[in-house]
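Chemist: I have a structure here, written as structure tokens, and I will follow up with some questions on it.
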Amino acid sequence: MLTIKMTKEDKEEIIGRIQTFHYEQHGEEIGMLGAENLFEFFVRELGPFFYNKGIMDSKDVLMDKMLMLEEDLYALKRPMK
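In the numbering used here, the protein residues as written are 3 to 83.
Structural data, given as structure tokens:
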């Protein structure tokens, strides 16, 4: 399971947003326990997907930077006689 470190205040805000979203979409309130269960579901089931996507996006950016660095290094080479 993906462990996410967050403050109590951050978790409470997310749960509040889930409650607001549920009310706006369905016209009914969802309690704190229900919203917290949804939050835990999202973290458990969707968290790894978004985490892995972030890792791959970071890898792509790093690879682009490495290619640029390699090009810059080759540009610094001096001709040999």
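All C-beta atoms, glycine included, are put in the ideal place defined by N, C-alpha and C.
Rounded to the nearest angstrom, what separates residue 38 and residue 64 at their Cα positions?
Modeler: The alpha-carbon atoms of residue 38 and residue 64 are separated by roughly 36 Å.
Chemist: Using alpha carbons as the reference points, say which of 36, 30, 29 lies closest to residue 14.
Modeler: The shortest Cα separation from residue 14 among 36, 30, 29 belongs to 36.
Chemist: With DSSP run on the structure shown, which of helix, strand or coil describes residue 13?
Modeler: Residue 13: helix per DSSP, three-state reduction.
Chemist: Evaluate residue 20 with the Cβ neighbour count: other Cβ atoms within 10 Å of its Cβ, from every protein chain shown; 16 or more gives buried, anything less gives exposed.
Modeler: Buried, since its Cβ has 16 or more Cβ neighbours within 10 Å.
Chemist: Quick one: grab the DSSP three-state call for residue 46.
Modeler: Three-state DSSP puts residue 46 in a helix.
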